[in-house]
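Numbering (the numbering used here), first residue to last: 296 to 668.
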């Protein structure tokens with residue numbers, strides 16, 4: 296197998312797929328790892344894929360934030376409907392109101408994909424955390440075309456996807472490109488999510504919505520229905536939070552540090568010094584790296600406050616290091632998964648104590664509800 300970068304290091308950003316003039320590259324997804332595979336019959340050895348790859352040639356300009364904020368959307372409806380304060384939604388809406396286009400991730404026809412829009416009504420589709428690796432194939436060429444036509448484009452996504460966009464667009468068009476990266480815990484393959492849902496009799500192409508989180512409540516919901524029993528966490532969410540089944544590249548993430556590659560970085564302001572009631576409504580952590588990013592923040596309808604930088608880093612380890620790979624448990628998980636074992640059983644086997652606690656929580660929730668009736 297001939298790959299664009301070192302085997303199992305691929306981020307799946309798909310910049311190499313977009314740049315190839317002969318469609319000679321495909322992304323191989325084993326759930327455990329991603330690889331950009333070259334079809335040697337179709338390949339003309341131009342080297343474009345190797346040069347654009349962020350693993351082979353990393354983004355050079357990594358910047359420490361010049362300003363740290365925490366805050367939330369001024370409009371309470373936006374804040375309460377968002378996962379963490381609504382900063383992304385506000386910035387996206389204001390960008391479109393100022394004549395630009397926004398590209399971010401949404402759920403369409405059974406897949407999480409990046410889409411581009413200049414319509415305010417579409418922004419609602421970008422809301423919510425996505426704890427899965429989104430598909431960026433197809434949008435790079437569209438973004439570059441919009442930029443060439445003189446349009447401003449805001450790209451909001453994972454740091455590795457921001458890197459892919461910046462590498463593909465190039466320096467000549469970068470002035471019109473604005474980027475927001477999301478503090479990323481690591482991300483599993485969409486194939487794994489699909490498999491998990493199928494094991495719960497949910498076909499992704501039959502679903503209208505998939506929701507991973509409401510504020511600080513991590514529970515997978517499909518069409519507004521819980522996958523787990525009420526009161527307890529499903530095994531996909533548990534495995535995700537334990538970093539059990541991210542793809543290989545995530546455990547060596549080049550972007551899990553204070554120095555970022557985008558204009559703005561967004562995440563959750565965990566450990567914020569606000570009341571519990573305020574924290575339940577959601578608080579965004581906002582890091583600004585560039586003058587372009589500062590302009591976006593100043594033009595957006597956000598309530599902003601100072602933040603304790605050391606506290607922010609302590610509560611977002613991805614600002615200092617990637618998620619730690621649970622080597623033995625992860626090898627066991629995938630070995631048994633490939634043999635046909637169910638995700639639920641494997642997560643229970645890897646984390647029996649946590650699974651038992653969740654089971655007890657579910658039983659207590661049922662008991663409490665029965666007493667209420």
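Note that beta-carbon positions come from the ideal geometry of N, C-alpha and C, so glycine has one too.
The structure presented is a predicted model; accordingly, all values stated were derived computationally and were not measured.
1. Here's the rule I'm using: 16 or more other beta-carbon atoms within 10 Å means buried, otherwise exposed. How should residue 514 be labelled?
2. If we call anything under 7 Å between Cβ atoms a contact, is residue 427 one with residue 482?
3. Assign residue 409 to one of two classes, buried (16 or more other C-beta atoms within 10 Å of its C-beta) or exposed (fewer than that).
4. In its own chain, which residues sit with a C-beta less than 8 Å from the C-beta of residue 637, not counting the 5 before and 5 after it?
5. Using a Cβ-Cβ cut-off of 8 Å (strictly less than) and excluding sequence neighbours within five positions of residue 609, which residues of its own chain qualify?
6. How is the beta strand (DSSP E) around residue 389 delimited, first residue to last?
7. With DSSP as the reference, label residue 583 as helix, strand or coil.
8. What's the C-alpha gap between residue 712 and residue 342?
9. To the nearest angstrom, how far is the alpha carbon of residue 561 from that of residue 336?
10. With DSSP run on the structure shown, which of helix, strand or coil describes residue 345?
11. If you follow the alpha helix (DSSP H) that residue 476 is part of, which residue opens it and which one closes it?
12. Figure out for me which residue from 423, 332, 621 and 388 has the closest Cα to the Cα of residue 537.
13. Cutting at 7 Å between CB atoms, please list the residues of its own chain near residue 506, excluding the five before and the five after it.
14. Ignoring anything shorter than 4 residues or poking outside the segment 404 to 446, list the alpha helix (DSSP H) runs there in chain order.
15. Output the distance between the C-alpha atoms of residue 438 and residue 448, rounded to the nearest integer angstrom.
16. On the three-state DSSP scale, how would you describe residue 620?
17. Tell me, to the nearest whole angstrom, how far the beta carbon of residue 653 is from that of residue 361; I am working on the premise that it is less than 8 Å.
18. Using DSSP with H/G/I as helix, E/B as strand and the rest coil, what is residue 516?
19. Taking 7 Å as the threshold (C-beta atoms), are residue 559 and residue 588 in contact?
20. Per DSSP, which residues does residue 400 bridge with? Please list them.
21. What do you reckon, are the CB atoms on residue 291 and residue 299 nearer than 7 Å?
22. How big is the Cα-Cα spacing for residue 399 and residue 418?
23. State the DSSP-derived secondary structure class of residue 544, mapped to helix, strand or coil.
24. Quick check: what's the CA-CA separation for residue 550 versus residue 475?
25. What is the residue span of the alpha helix (DSSP H) that residue 534 lies within?
26. List the endpoints of the continuous alpha helix (DSSP H) containing residue 607.
27. Taking only the alpha-carbon atoms, compute the straight-line gap between residue 466 and residue 578 and give it to the nearest angstrom.
28. Would residue 386 and residue 591 qualify as a contact pair, given that the criterion is a beta-carbon distance under 7 Å?
29. In whole angstroms, what is the alpha-carbon distance linking residue 469 and residue 461?
Straight from the coordinates:
1. buried
2. At the C-beta level, residue 427 and residue 482 come within 7 Å of one another.
3. Buried: at least 16 other Cβ atoms inside 10 Å.
4. 494
5. 566
6. Segment 382 to 392 is the alpha helix (DSSP H) holding residue 389; no beta strand (DSSP E) there.
7. strand
8. The chain is shown from 296 up to 668; residue 712 falls before or after that span and cannot be answered.
9. 42 Å
10. Correct three-state label for residue 345: helix.
11. No alpha helix (DSSP H) contains residue 476, which is instead part of the beta strand (DSSP E) from 472 to 477.
12. 621
13. 423 and 516
14. The qualifying runs are 434 to 443.
15. Cα to Cα, the separation comes out at about 7 Å.
16. Collapsing the DSSP output to three states places residue 620 in coil.
17. Not a contact, Cβ separation roughly 42 Å.
18. strand
19. The Cβ-Cβ distance between residue 588 and residue 559 falls below 7 Å.
20. BP columns for residue 400 point to 409.
21. In the structure as shown, the chain starts at 296 and stops at 668, and residue 291 therefore has no counterpart that could be examined.
22. 9 Å
23. helix
24. 13 Å
25. 530 to 536
26. Element bounds for residue 607: 604 to 609.
27. 34 Å
28. Yes, these two residues count as a Cβ contact at 7 Å.
29. 7 Å
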